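Chemist: Numbering (this note's numbering), first residue to last: 171 to 336.
We put the beta carbon where it would ideally sit given N, CA and C, even for glycine.
Remember, predicted model here, so these are calculated numbers, not experimental data.
Quick one: structure below, then a few questions.
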């Protein structure tokens, strides 16, 4: 499995802009990347954790139905995925936030996303065509008082990619 990392660039916020083909890349060594650093997996897709917000409000009467457990609060990751050579099915599954002592918090089932503030990261129902990108928020419940210091994305069969929360 080949994973490379490219430093943040000025176009990182453009939702429909694929990565520059001549961007300086290095082989991903498993160390946490700075937020905004793009990682390319097998020349098939690139993934970037752009921003992390540790406490956000999601207005909905039944928070447990959305996947929030007692003693938790909503956090969110702004992420971008670009399909490079093949169509990519992207979803919230595979994203997690973790604390320095190894406690990990995964995303809820993203099949009911109506209450979550937009724009949302793809929900697994739509494929990203080659040459296109999608950007949006991924929501997850984290324990109140927990300080997430890393964000990780793991595609099925791929090397986990980790970003350091500053």
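In this structure, how does DSSP classify residue 236 when only helix, strand and coil are distinguished?
Modeler: Reduced to three states, the DSSP call for residue 236 is helix.
Chemist: Report yes or no: is there a C-beta of chain B within less than 9 Å of the C-beta of residue 336?
Modeler: Among the protein chains of the structure shown there is no chain B, as only one such chain exists.
Chemist: Taking the C-alpha atoms as reference points, what is the distance between residue 265 and residue 296?
Modeler: Their backbone Cα atoms lie some 17 Å apart in a straight line.
Chemist: Sorted by chain position, which residues of the same chain lie with C-beta nearer than 8 Å to residue 278's C-beta, five sequence neighbours on each side aside?
Modeler: Taken in chain order, the residues that qualify are 236, 237, 238, 262, 309, 310 and 311.
Chemist: Using a Cβ-Cβ cut-off of 7 Å (strictly less than) and excluding sequence neighbours within five positions of residue 206, which residues of its own chain qualify?
Modeler: Once the five neighbours on either side are set aside, the close Cβ partners of residue 206 are 178, 182, 218 and 220.
Chemist: According to DSSP, is residue 254 part of a helix, a strand, or is it coil?
Modeler: In this structure, residue 254 counts as coil in the three-state DSSP scheme.
Chemist: Select from 335, 268 and 282 the residue whose C-alpha is nearest the C-alpha of residue 234.
Modeler: Measuring from the Cα of residue 234, the nearest candidate turns out to be 282.
Chemist: I need the straight-line Cα distance from residue 240 to residue 230, nearest angstrom please.
Modeler: For residue 240 and residue 230, the distance between alpha carbons rounds to 15 Å.
Chemist: Would you check if the distance between the CB atom of residue 335 and the CB atom of residue 321 is smaller than 9 Å?
Modeler: The answer is yes: Cβ separation under 9 Å.
Chemist: Roughly how many angstroms separate the alpha carbons of residue 285 and residue 245, rounded to a whole number?
Modeler: Going by the C-alpha atoms only, they are around 14 Å apart.
Chemist: Rounded to a whole number of angstroms, what is the C-alpha to C-alpha distance between residue 290 and residue 307?
Modeler: Residue 290 and residue 307: Cα-Cα distance of roughly 4 Å.
Chemist: Just to confirm, are residue 209 and residue 253 a CB contact at a threshold of 9 Å?
Modeler: Taking 9 Å as the Cβ cut-off, residue 209 and residue 253 do not qualify as a contacting pair.
Chemist: Return the residue from the list 271, 260, 319 and 269 that minimises the CA-CA distance to residue 216.
Modeler: Of the listed residues, the one whose Cα sits closest to residue 216 is 260.
Chemist: In whole angstroms, what separates the C-alpha of residue 317 from that of residue 214?
Modeler: When rounded, the distance between both Cα atoms is 33 Å.
Chemist: For residue 267, is the classification buried or exposed, using 16 other Cβ atoms within 10 angstroms of its Cβ as the cut-off for buried?
Modeler: So residue 267 ends up on the buried side.
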